[in-house]
Amino acid sequence: MIRRLLLLLALAVPAAAASDLSADALLRDHLWREVRLAEPGFRPKVGLVLSAGSLRGVAHAGVIKVLEDVGFPIDVVAGTSMGAVMGSLYAGGLPFDRIWSLASAAHVGSGNDLSGRRLISLLLFDQLLSSENTEKLVGRELGAMRFDQTRKPFACVAMDAYTGEAIIFRDGDLAPAVRASMNLPGIFRPLEYRHRYLVDGGVVDFIPVDAARLLGAEWILASVTENDFTASRPKSVLESLTQVIDIRGSYLSRDQRKQADFLIEPPVGDIGMFDDKRVPEAMEKGVVAASKRIKDAEESLILASIPLLSASWTSAQASR
Amino acid sequence: MRRACAAALLLLLTAAPARAWRLWGEPSDKKIRPVQALHDANKAAEVVAALTPQFMQTLRGTDLRQAYVLLGEDLFRLGRIDQALGVYQLGVQLFPKNVDLLTRQAGLLHAGSLDEQAKVLYRKALDLEPKHFGARLGLAEIDKALGFPDRAAAHYEVALETMEERPDVWRDYAEVLLAQRQFKTAELALARTLALKTNDPDALVLLAFVLRARGDHAGAIARLDGALAHGAGVGARRAKALWLLEAGRLPEAEAEAAQILAEVPGDAAALWVRARTRLAAGQGVKACDDLTLAAGEPDNARFSARAARALCAGIR
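Listed in order, the protein sequences are those of chains H and E.
Note that the first sequence covers residues 1 to 320 in the numbering used here.
Note that the second sequence covers residues 1001 to 1316 in the numbering used here.
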């Protein structure tokens, strides 16, 4: 009887997987170690680009978690809108647990003043809202940090509402620049900062690959949290407005995604711009999407690094 | 009157185990027993043939539940996975609180990469039996695959509270600890594996990975030697060759690569090691020859082939 029970129990249990000792897996593991330990100049400078996407952008936290878990070397960070918020906290050196905790608690009012009273004010009296909570959030977590004080070089993008230009911030105070980057037009008052009239950068630079290149990135991994606008029918003025912004972002991202060397796209397209109930789901989707792609990302970076690493293999051996 | 009823009921209950089947048919326990024996003897086709719908209609309670379990398992053994899943689905509908059926259905879904659905069933099983070993291990595997080694570790810990004699589970637990860079705890878990299964080559190989991650290359290579001495396959030797290369012990790396190539001609990892040692010796042309061999046909898209092509192009 006991033998039978044990047999049944064994059958109910998933089979254990052995370590992968194939030539491909071991060679990848070996070369990944070489890439991680490589001195500057012996691998490409790696940029992490975090797209716009409002609350969907909390999925970036999941992507960052996986990158941190595998020790992915990230040299520079660039972000737009929610990507700018997450990117600034990461580049600013905030412990990852804190980033995860902040992302988990994200809701429509955490970065921006979107209380019911304010929304009524927006709709009835045509008064745009203030996005100052974003600045407060970054200021509270990182202090009065400037771009040149971040642990990793960082850039974020906003748009000048007068000229339509994409403004890439990479110097000066961090918090107001991040606020400008996440300043949805039509909902929040444009921010007057450094003689510019600034709104959300997602309108002109949804996946800020160019910003990362400006920081010197030679190989770029982009986390993209694009909306699947075909899946939703806007039912209100606010939803219509955000849908139009999303559509614009999607069109922009078509070309930008080609400029990245590697893409991770958490499937969060059906999550609404302000759907804070689905924040934990978005974060989990970020982890799952990144986990599924991380080996491919490692391989891509290894292959890009081999021409540089091979110089060290010959020179290092010659010096021995 | 009440006393008389109670006495009659008592009499009935006392008599029931031995005589009751005469009133409402043979107790099903006796019917399932021969089928269970066939199952235990790995006679899957005979079990499936025996468990006809007509036969199952005659079963009750525990035995009917067991019949669904046996039918599902033996259909699975026969490779009739869709049918096995159908049986489990029906069984779970009839017995939604049966953890055996829940975990088996979940296991099949997990094997088919339907992890979201599998998770729901495993969680239902845990609601009924919070320390259910199979459900914990199933969830651990799913969490590990999805990129949540911390959650996987938590499931393994609960599972090991109830089944601490399973060396393979200690090893899997060590693997997720390694993924979280908890090297010391991973070593302790592997020590448990090795205590339960002395010189287990898989555990020794994993221990080697832990030591290497901690920076103890010499210790790692010694563990690989241990694994090779106890029957580890060519994979362990591949790892050894590559790690000797990492440690700058080039002649030894080349010797290991030669051994691998004697066993597996054209092994891409071994050719890579040999190419690197030749490159270090200034023999770029010979290194490229090895890499060309490792790359194979031009349409070979394996990582090792692409890496070989990239290095060869760099050398040229």
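Each residue gets a CB set at the ideal place from its N, CA and C atoms; glycine is no exception.
Check                                                                                                                          : Outcome
Under 8 Å between C-beta atoms of M273/H and L37/H                                                                             : no
Closer than 8 Å to chain H by CB, W1170/E                                                                                      : no
Buried versus exposed call for G1134/E [16 or more other C-beta atoms within 10 Å across all chains shown]                     : buried
Helix, strand or coil at A1267/E [DSSP, three-state]                                                                           : The identity of residue 1267/E in the sequence shown is Asp, whereas the question assumes Ala. Note: D1267/E maps to coil in three-state DSSP.
Beta-bridge partners of F42/H, as assigned by DSSP                                                                             : Beta-bridge pairing links F42/H to no other residue.
Interface flag, T225/H vs chain E, CB-CB below 8 Å                                                                             : no
G92/H beta carbon less than 8 Å from that of R146/H                                                                            : no
Given T230/H as reference, the closest of S240/H, L221/H, D20/H, S223/H once Cα atoms are compared                             : S240/H
Neighbourhood of L1277/E by C-beta distance below 7 Å, restricted to the same chain and skipping five residues each side       : One detail in the question is off: residue 1277/E reads as Thr in this sequence, not Leu. So the qualifying residues of the chain are L1250, A1253, E1254.
Nonlocal neighbours in the same chain, by C-beta distance under 6 Å from L993/E, ignoring five residues either side            : Residue 993/E lies beyond the range of chain E shown here (1001 to 1316); nothing can be said about it.
Spatial neighbours of L1207/E in its chain, beta-carbon cut-off 6 Å, leaving aside the 5 residues before and after             : L1190, R1223
Cα-Cα separation between Q1036/E and M1163/E, rounded to whole angstroms                                                       : 25 Å
Host alpha helix (DSSP H) of M159/H (start-end)                                                                                : Not the alpha helix (DSSP H): M159/H falls in the beta strand (DSSP E), residues 154-160.
Extent of the continuous beta strand (DSSP E) run through I168/H                                                               : 166-169
Short Cβ contact (8 Å threshold) for H60/H with S223/H                                                                         : yes
Chain E within 8 Å of I264/H, Cβ atoms only                                                                                    : no
Cross-chain neighbours of V1047/E in chain H, by beta carbon under 7 Å                                                         : Per Cβ cutoff of 7 Å: no residues; V1047/E is ~13 Å from chain H at best.
Cβ pair A177/H, V49/H closer than 8 Å                                                                                          : no
Reduced DSSP category for I220/H - H, G, I as helix; E, B as strand; rest coil                                                 : strand
Contacting residues, own chain, Cβ-Cβ under 6 Å from D1100/E (five flanking each side not counted)                             : V1069
Span of the alpha helix (DSSP H) around I1081/E                                                                                : 1081-1094
Residues of its chain near A10/H, where Cβ-Cβ distance is below 8 Å and the 5 sequence neighbours each way are ignored         : Confidence at A10/H is low in this model, with a pLDDT of 42, below 50, so the placement of that residue is unreliable and no value is reported for it.
Nearest-angstrom Cα separation, counted from T1052/E out to I1032/E                                                            : 12 Å
Touching by the beta-carbon criterion (3+ pairs, under 8 Å), the stretch 151-169 of chain H and the stretch 193-208 of chain H : yes
Residue-level contact to chain E via CB, R28/H, 8 Å cutoff                                                                     : yes
8 Å Cβ cutoff, E1164/E in contact with chain H                                                                                 : no
T242/H, buried or exposed, once every other Cβ within 10 Å from all chains shown has been counted against 16                   : buried
Reference G286/H; option with closest CA among S104/H, G186/H, D171/H, W313/H                                                  : S104/H
Under 8 Å between C-beta atoms of A1153/E and V1169/E                                                                          : no
Ranges of the alpha helix (DSSP H) found wholly within the stretch 1152-1204 of chain E, counting only runs of at least 4      : 1167-1179, 1183-1196
Bridge partners - L191/H, DSSP secondary structure assignment                                                                  : L198/H
Chain E residues whose Cβ lies nearer than 7 Å to that of E378/H                                                               : The structure shown does not extend to residue 378/H, since chain H spans only 1 to 320, so no value can be given for it.
Alpha-carbon spacing of S305/H relative to P40/H, whole angstroms                                                              : 11 Å
Boundaries of the beta strand (DSSP E) in which V268/H is found, first to last residue                                         : It is not in any beta strand (DSSP E) - V268/H carries neither H nor E in the DSSP assignment.
Contact with chain H by G1219/E, beta-carbon distance below 8 Å                                                                : no
R56/H in three-state terms, based on DSSP                                                                                      : helix
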